[in-house]
Amino acid sequence: MNSQELALLLTDSSLDASRSRNASQASPPLQRGSPLASEHEAAGLEPRGDKRVENSDNDCRYDGRRSDGRRSDNDICSDASSDGISDIIHDNDSEVRGRWGSDTGVGLRGADELPGDLSQGHSRQHLLSSLDDEALIQLVNSYEPRPKPERRLADADEGSPSVSPVDFENVSDVSDNDRAPEDARHEVIDCPQTPPQAPPQAHPDGPLAFGDYETYFKHKHVQQQQQDQRLRQIHGVKPPIFKNCIIYVNGRTNPDRLVLHKNVVLYGGVFNHYLSGKTSVTHIIASNLTSKKRIEFQKYKVVTPDWIVDSIAAGERLPWQRYALITANPNQPTISTTLDCKSPQFLASFFAKSRLHHLSTWKADLRAKFCSKYVGDVSIERLPKTTRLAIFHIDFDCFFATVSALADGRYSLEKQPLAVAHGVASSEIASCNYAARAFGVRNGMWVRSAKRLCPDLVLLPYNFNQYEVKSSILYETLVACGAFNMILPISVDEAICVRFSDEALSDEAIRNDCSKIVSSLRERIFESTQGCSVSIGCGSSLVLARLALKRAKPGGFCIQLSRDSKSVESFVSSFKLNELPGVGYSIVDKIKTNFLRKNVSSPTVADLKQNSTRQALISKLGSKTGAKLALFMEGKDDEESLKILKDPVEFFTRKSMSVDINYAIRFDTIHEIDTFIDRICDHLTQKMKELGLITPQVTLKILRRCAHAPIEPEKYLGSGECDAFSRNSRFGVPTDEMGVIATEVKSSLRMLSCPPKDLRGVAVQFNKLMKASDRDKQRKGLFVGVGNPAKGSLNTLAYHALPKDFRSDIKAELSKRNISVPETPPPKKAVTISPVKDFWARHWKQDPPPKLEFPSSLDNEFMVHLPSQIQRELKQDHAILKKTKRTMRKSVLSKEYKQFEKVINRNFLSEPIKFQALDRPKEILSLVQSWIDDSINSGPHSADLILFDKYLTKLSDAGKTHFILRMMNLMSSRLEYHSSYPNSAAGRQEWEEYMLRRIVPLLNQSCHNRGTALNFTFDV
DNA sequence: GATGGCAATAAG
DNA sequence: CATCGCTTATTGCCATC
Ligand SMILES: Nc1ccn([C@H]2C[C@H](O)[C@@H](COP(=O)(O)OP(=O)(O)OP(=O)(O)O)O2)c(=O)n1
């Protein structure tokens, strides 16, 4: 492949990126000790990396962004009320009832009908035999054999919205696809104002019989497609704003339908001339609707023509909701651009203005584009050994500031201090020019702080469109210059370009060659972008190129191609530590404490070099980080960094996907959070489907207001100081179903048990993404082999949990197919304290299930693929408890204390009782039980008891006697259980004493308060 | 010793 | 009014088996 071809990798109209890290620009926090530091801190310079998980209010770190032009419209998520599958088993035997998850359908034909049929023994056998092996196995495995534990506890408190395992289905909002063709004809006939555009007579296939509308429309369709194609040829392809949109225009509009048609087609959409039952129209454009149509179009996204016009003007598809013609409640004002996280439009409107969202989206798009264009036989590894690499790191100078200033036109980039930000006080500066930097202003700083440093600072608005445009031009120019063998996108304003040169050339020749390229490229970019300047760092390794870029800024270049190790090392030594890639505040801090005595504010590489060895670095900073740093000091890349060169497609392939919202999160009830999670999951699953991906694992991460942080932080709608918590869930089978995923996430949310009002951030991440097309392959690997390794194997647990008659049918079917039937597994060696056993006893069924039907221990792989909800219940107790215990007993040193506070918040005290209405009681019970289990030998720690006591008192005050009672029952049965183990005597006694002296009186008092004439005694 | 969950860190 | 504190990836630590 020659360099021109390679250069084509990134030639497209839209995006690009180029530029180096901003480690040098976003200056790290200064030391707290130094006078200068405090000034800077006061100035809000403290960057990422506060000890606290999130920024304190005085920090300035993040900034705005805008909505992803490619994101499809969000709809209000539609939850199917019930999966309809759960009813399949009639409870006519004494077995535990269960349900099939809605992800059963994958391998099943007509999964919807199946259950109903399955409930009839006869046809069930028939149907079973019609399934292929995989589908059969999957059917079994997806059986969730339990009553939902939440239910039982939900009874205890009123009105808890329950989270059921699989109650959601992805219901398309355009569900009206089944309309008969007649409707379509009707549509047109009924609308004289929008007649079919061309009379049928001219069709090449010959004259049509009068009234043969069907043929007419078919012909018409083909004709129109050709027209559209021509239109695109004439006007050139524009950004695919309406990609995946199928648009129909109803009635008279302004602009008229011809204009709309043209625009829809040019910008990547499909224009439907009629509402066909066969194609799913995604949007209907109308200026007004008759009441009849209003009803008819209820299920469509009906928008005003402005949606088209504005979207094109904005250069991206705007959220359709703002242009909705039909609003659920006509009284409610539609265009609420308020920052209300409860609004269905919140996500879209927030994204539209978040700079960080934009940066991330652009980057992801660039990476995807790279992967799709890279035909990939250029691997660095395949090159002849003699080839030398020249790495060019290219980055716009103060990108946003420059572009915004140019767009405005009134300001001088060189002379006036400029900065891009939304607001005037606690708003973050996305980018400031070098004139501003001379005053100490930095990217990420709050405007207020910056103004203190530089009162004349001029604030500029964001102009995301232009950023995108300039970025595209940059990449196009990089391609056009033809000097590079690879163009690797780093971000919207930054790229790494690679040039191969022959060993035969002298150092001098290579240097000259690169020097020429760099100079001419800088000029070219300045011209093509009409005034944006780039800096270029050129080096023989990635790290040298990056450092050279630092040196080159602003508006210059720097070449470091020397092969003399001495000069390379002295070059590297001259940089500050935080200018090394991957070295931020935290690592610098560690280095300072471990290697440097003097309280240098910004230590250099030279400082570190003098005071460290590779070994020391590794032991203090971790193996990878230490080794990497050691290499960097010699100007060499580590293996990890080189991946981008060795296998760029793998490097740029998406491995996860997430939505993080840590701004404007202010909810009152968990139900509102549920709805929000639904919207996020909807957004993500849509995106996942577009990309043809599925996920086996989802993580929920939340931010919770710190106990001591004010309810409203300094920054308007900011998150303030928060603690972060996260939880992971696995699906039995990788999925892209919104319902399944959202349910898991909502369940995780409850596990994290954050009082709704203290929630300040929500992040949902899909991990370990894989291609949906690999699903089958993957699925095979997922199940534990039971003797027929070629096929997926049965989930033993699920199999044994099946109702008897089913099981025998399935068994028969399985053995017919030579798939081994999981016989009762021989009990493996007993799990010491069997949380499993107890779990079953508590949650699975009131009376313990027949022993034989459940594996008595868990093998890991099996565990791993259990539905997360079950896994959690199995594992959670000890995991959380140990953490709690460990932390509780630690001394009150600040960091530990934080942990302490965090865990306590999470598990006990500051929980408003009201929030426990959901499944929290269950969690608390589990926790208490594990607590007992863990402390049965030594007895409860007194500090723990004090906390627990407070909690009980609260319960009592709130009149939750029933729950206290429940708790006591649990505790006493737990103690009884332990009484059979001799070692537990001492601890048990302590526990019993506590119960007698504290809980029993409390309970009695609580009953008394409520006028209940009960008196509890406690028989130990 | 491998694996996995969760937290911390970095980057633009 | 304000204000739009995202998203992806790697690494480290600890617990578990
Ligand atoms: N904390 C930050 C850092 C960066 N950006 C945005 C605005 C920048 O213009 C763009 C590129 O980031 P750089 O780190 O390259 O910074 P600049 O281009 O602004 O300045 P420099 O000349 O130092 O590269 O990313 C941001 O919004 N918030």
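Each step along the first sequence adds one to the number in full-length UniProt numbering, with nothing skipped, and position 599 is 599. No residue lacks a Cβ here, since even glycine has one placed at the ideal position from N, Cα and C.
Out of the options, which one is the CA nearest neighbour of residue i?
i	options	result
residue 689	737, 699, 675 and 703	737
residue 488	647, 259, 501 and 576	647
residue 510	532, 483 and 593	483
residue 656	521, 991 and 769	769
residue 935	974, 502 and 262	974
residue 523	499, 262, 432 and 477	477
residue 311	359, 266, 528 and 344	266
residue 434	418, 529 and 444	418
residue 733	654, 775, 356 and 746	775
residue 447	457, 582 and 562	457
residue 565	553, 533, 576 and 540	540
residue 394	604, 555 and 373	555
residue 614	599, 595 and 297	595
residue 341	640, 666 and 284	666
residue 746	696, 668 and 676	676
residue 244	281, 250, 537 and 548	281
residue 954	999, 989 and 345	999
residue 694	773, 718 and 750	773
residue 764	741, 756, 609 and 232	741
residue 593	730, 611 and 606	611
In this structure, does DSSP put residue i in helix, strand or coil?
i	result
residue 275	coil
residue 723	strand
residue 768	coil
residue 538	strand
residue 385	coil
residue 445	coil
residue 371	helix
residue 615	helix
residue 430	coil
residue 774	helix
residue 249	strand
residue 661	strand
residue 408	helix
residue 757	helix
residue 425	coil
residue 565	helix
residue 211	Residue confidence is low: residue 211 scores 38 on pLDDT, short of 50, so the model does not pin down where it sits. No coordinate-derived value is stated.
residue 600	coil
residue 576	strand
residue 346	helix
residue 999	helix
Buried or exposed for residue i, please, with buried defined as at least 16 other CB atoms from any protein chain shown within 10 angstroms of its CB.
i	result
residue 580	buried
residue 951	buried
residue 662	buried
residue 222	exposed
residue 475	buried
residue 512	exposed
residue 716	exposed
residue 711	exposed
residue 348	buried
residue 421	buried
residue 258	exposed
residue 369	buried
With a threshold of 7 Å, establish whether the CB of residue i neighbours any heavy atom of ligand 3.
i	result
residue 443	This structure lacks ligand 3; the ligands present are ligand 1.
**OP:** Could I get the ranges of all uninterrupted alpha helix (DSSP H) runs contained in the region 674-747, with 4 residues as the minimum, in chain order?
**Re:** none
Subject >> beta strand (DSSP E) segments (min. 3 residues) lying fully within the region 462-547 >> reply: 486-491, 494-501 and 534-539
**OP:** List in chain order: all unbroken beta strand (DSSP E) runs of 3+ residues lying wholly within the region 276-326.
**Re:** 283-285 and 301-303
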